[in-house]
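Number of protein chains: 2
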Amino acid sequence: MKEKPTLRELKQEKKKEDILRAAADVFIEKGYYRTTMEDVAAKLFMTKGSVYYYFADKQDLLFQSQVMLLKRGLLTIKEILNEEISAKEKLKKSLIQHIEHLINERSGFSMLIKPEQDFTVEQESIIFELREEYGKCFDFPIEEGIQTGIFQTNDPKIVRNLLLGAMNSLVQWYSPNGKKSKQEFADHVADYLLRMLVVDTE
Amino acid sequence: MKEKPTLRELKQEKKKEDILRAAADVFIEKGYYRTTMEDVAAKLFMTKGSVYYYFADKQDLLFQSQVMLLKRGLLTIKEILNEEISAKEKLKKSLIQHIEHLINERSGFSMLIKPEQDFTVEQESIIFELREEYGKCFDFPIEEGIQTGIFQTNDPKIVRNLLLGAMNSLVQWYSPNGKKSKQEFADHVADYLLRMLVVDTE
DNA sequence: TAAAATTTTGAATATTGATTCAAAAACAAT
DNA sequence: ATTGTTTTTGAATCAATATTCAAAATTTTA
Chain A
0 MKEKPTLREL
10 KQEKKKEDIL
20 RAAADVFIEK
30 GYYRTTMEDV
40 AAKLFMTKGS
50 VYYYFADKQD
60 LLFQSQVMLL
70 KRGLLTIKEI
80 LNEEISAKEK
90 LKKSLIQHIE
100 HLINERSGFS
110 MLIKPEQDFT
120 VEQESIIFEL
130 REEYGKCFDF
140 PIEEGIQTGI
150 FQTNDPKIVR
160 NLLLGAMNSL
170 VQWYSPNGKK
180 SKQEFADHVA
190 DYLLRMLVVD
200 TE
Chain B
0 MKEKPTLREL
10 KQEKKKEDIL
20 RAAADVFIEK
30 GYYRTTMEDV
40 AAKLFMTKGS
50 VYYYFADKQD
60 LLFQSQVMLL
70 KRGLLTIKEI
80 LNEEISAKEK
90 LKKSLIQHIE
100 HLINERSGFS
110 MLIKPEQDFT
120 VEQESIIFEL
130 REEYGKCFDF
140 PIEEGIQTGI
150 FQTNDPKIVR
160 NLLLGAMNSL
170 VQWYSPNGKK
180 SKQEFADHVA
190 DYLLRMLVVD
200 TE
């Protein structure tokens with residue numbers, strides 16, 4: 000049943016890939032809704048009509064580019080699982096792998112709307128201030144804890160961001176149907192997060 | 000210079016608030032780009048024209064509703080800072096507060112595009128599968144580590160999600176201009192995250 | 001090289017949804 | 001009740017793009 004792929008088919012495959020890469024790039028940079036089909040086409044010096052020859056519609060482009068990114072990430076991370084190393088090493092390597100994937104592709108599991116892309120500069124700076132102020136509410140106790148020695152870290156800023164990032168992700172995966180009550184859940188999550196700062200058991 | 004607010008002005012204030020709340024709700028539920036001004040208006044049994052009487056444009060609605068949410072969150076979290084408790088207590092309380100705020104408002108620091116909102120059901124389920132597969136790559140070593148006793152947690156799923164959430168947030172705040180090299184950075188971050196699982200110092 | 005198949009083009013169409021606005025309705029003050 | 005002010009309405013406008021499509025260009029095949 001296997002057909003030999005003709006030259007043409009190979010070419011077509013390549014073109015599709017190119018388009019997907021370009022699309023992913025632009026989507027990541029400008030956000031899905033703000034990119035036009037022309038943006039994508041322009042990136043490859045084609046016209047939008049051409050893009051439609053390869054892909055059904057804009058949504059298809061988003062979908063397939065997401066699949067591509069995910070598959071690409073999966074490939075490398077799966078290799079790690081097969082290595083002959085301790086679970087801790089394995090996890091650490093996977094984390095590093097994922098982090099580098101994120102940094103390089105600038106694209107995570109979910110697409111973001113960055114407000115700075117829609118707001119005016121004044122609006123943007125106001126939001127920025129508020130977020131800073133909010134962040135400070137975590138920085139203060141962290142700094143205090145470092146002073147008094149209950150927290151151990153050389154990167155308070157990084158940890159702060161990790162804490163906030165981990166929490167904010169809740170919006171996506173928290174389900175109120177779990178076993179735990181809201182309070183219990185919040186309490187446990189807070190404990191796990193706190194562990195990032197507290198190394199010794201008291 | 001202070002003017003007594005007339006009945007009318009009070010009413011107007013209230014209406015504005017109502018609209019902002021409604022807008023925030025719909026934005027959170029459907030995502031900014033997918034909500035129309037009519038959606039917002041309908042939520043309050045008004046017509047879109049009316050909304051324009053109170054707000055300049057859609058963007059303004061997004062901006063002001065974000066400000067509202069942020070300010071509301073700030074209010075409660077700031078109180079915690081003034082309490083007479085240890086830094087660790089303070090941080091924990093703040094974390095819990097933030098977590099509950101997130102759960103209740105279903106809105107974090109950034110707006111996300113949830114694929115389930117744009118994709119067809121088939122597309123959605125494919126993406127879902129891939130993400131699951133990806134997540135598993137972290138679950139396996141975590142489970143293994145729990146078995147062998149190097150990891151301590153009763154909530155591997157939660158921790159897994161926290162790890163991924165924290166990492167994915169990188170996309171938003173990581174700057175390549177920091178002191179650390181990419182590798183160093185990834186390594187440190189991974190170490191902090193690992194702390195969530197490893198309680199004892201070896 | 002000619003015919004057939006594939007790919008590209010860009011203008012035309014379609015749709016969606018934001019924004020405007022003049023008129024109507026509701027309201028407040030005298 | 002009358003008049004002036006505020007608010008609401010919904011139809012009309014406007015703009016931006018996604019999408020289509022027939023014709024032109026290109027490539028492959030024989």
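Order-wise, the sequence lines are chains A and B.
Numbering of the first sequence is given in numbering that gives the first Met the number 0, commencing with residue 0 and proceeding in unit increments.
Numbering of the second sequence is given in numbering that gives the first Met the number 0, commencing with residue 0 and proceeding in unit increments.
Here a beta-carbon is modelled for each residue, glycine too, at the ideal position from N, C-alpha and C.
Fair warning: this is a prediction, and the values are worked out from it, not measured in the lab.
Hey, out of the options, whose CA is closest to residue i's CA?
i: PHE54/A; options: MET67/A, ILE18/A, GLU88/A; result: ILE18/A
i: GLN171/A; options: ILE84/B, LYS178/B, LEU163/B, VAL170/B; result: LEU163/B
i: VAL198/B; options: GLU83/B, LEU60/B, THR152/B; result: THR152/B
i: LYS113/A; options: LYS13/A, LYS14/A, TYR31/A; result: TYR31/A
i: LYS15/B; options: ASN81/B, ARG33/B, LEU43/B; result: LEU43/B
i: ASP117/B; options: LYS156/A, GLU128/A, LYS57/A, GLY148/A; result: LYS57/A
i: SER85/B; options: GLY144/A, ARG7/A, ARG194/A; result: GLY144/A
i: PHE150/A; options: TYR191/B, LEU9/B, GLU78/B; result: TYR191/B
i: LEU61/B; options: GLU78/B, MET45/B, ARG33/B; result: ARG33/B
i: GLU37/A; options: LYS47/A, LYS29/A, GLN146/A; result: LYS47/A
i: GLN11/A; options: LYS29/A, TYR52/A, GLU28/A, ASP24/A; result: TYR52/A
i: LYS269/B; options: LYS156/A, LYS13/A, LYS178/A, LYS29/A; result: Outside the displayed span of chain B (0 to 201) sits residue 269/B, for which this structure offers no information.
Flag this pair as yes or no: are the beta carbons of residue i and residue j separated by less than 8 Å?
i: SER174/A; j: LEU111/B; result: no
i: ILE126/B; j: VAL66/A; result: yes
i: GLU99/A; j: ALA41/B; result: no
i: ILE76/B; j: GLN96/B; result: yes
i: LEU196/A; j: MET166/B; result: no
i: LEU213/A; j: PHE139/B; result: Since the first residue of chain A shown is 0 and the last is 201, residue 213/A is not available in this structure.
i: ARG7/B; j: ARG194/A; result: no
i: LYS89/A; j: GLU78/A; result: no
Under 8 Å by Cβ, that's how I've got residue i and residue j pegged, so tell me the actual separation to the nearest angstrom.
i: VAL158/B; j: ILE141/B; result: 7 Å
i: GLU123/A; j: LEU68/A; result: Contact flag wrong, Cβ pair sits at about 27 Å.
i: ALA189/B; j: LYS87/A; result: That pair is no contact at about 11 Å.
i: ASN160/A; j: SER168/B; result: 7 Å
i: HIS187/A; j: ASP154/B; result: 6 Å
Residue i lies in the alpha helix (DSSP H); which residues open and close that run?
i: MET166/B; result: 155-172
i: ILE125/B; result: 120-147
i: LEU196/B; result: No alpha helix (DSSP H) contains LEU196/B, which DSSP labels as neither H nor E.
i: MET45/B; result: Counting along the chain, MET45/B falls outside any alpha helix (DSSP H), and DSSP gives it neither H nor E.
i: ARG33/A; result: It is not in any alpha helix (DSSP H) - ARG33/A carries neither H nor E in the DSSP assignment.
i: GLU78/B; result: 57-81
i: GLU115/B; result: 114-117
Just to confirm the assignment, what range does the beta strand (DSSP E) spanning residue i have?
i: ILE98/A; result: From DSSP, ILE98/A is part of no beta strand (DSSP E) but of the alpha helix (DSSP H) over 86-104.
Is there at least one non-hydrogen atom of the ligand SAH closer than 7 Å to the beta-carbon of residue i?
i: LYS181/B; result: In terms of ligand content, the structure shown is empty, and the ligand SAH therefore cannot be addressed.
Per the contact definition of three or more C-beta pairs closer than 8 Å, is the stretch 16-35 of chain B in contact with the stretch 126-141 of chain B? With a cut-off of 8 Å, the stretch 16-35 of chain B and the stretch 126-141 of chain B do not count as touching, because too few Cβ pairs lie within range.
Say whether the stretch 68-76 of chain B touches the stretch 121-133 of chain A, bearing in mind that this needs 3 or more beta-carbon pairs closer than 8 Å, one atom from each stretch. yes
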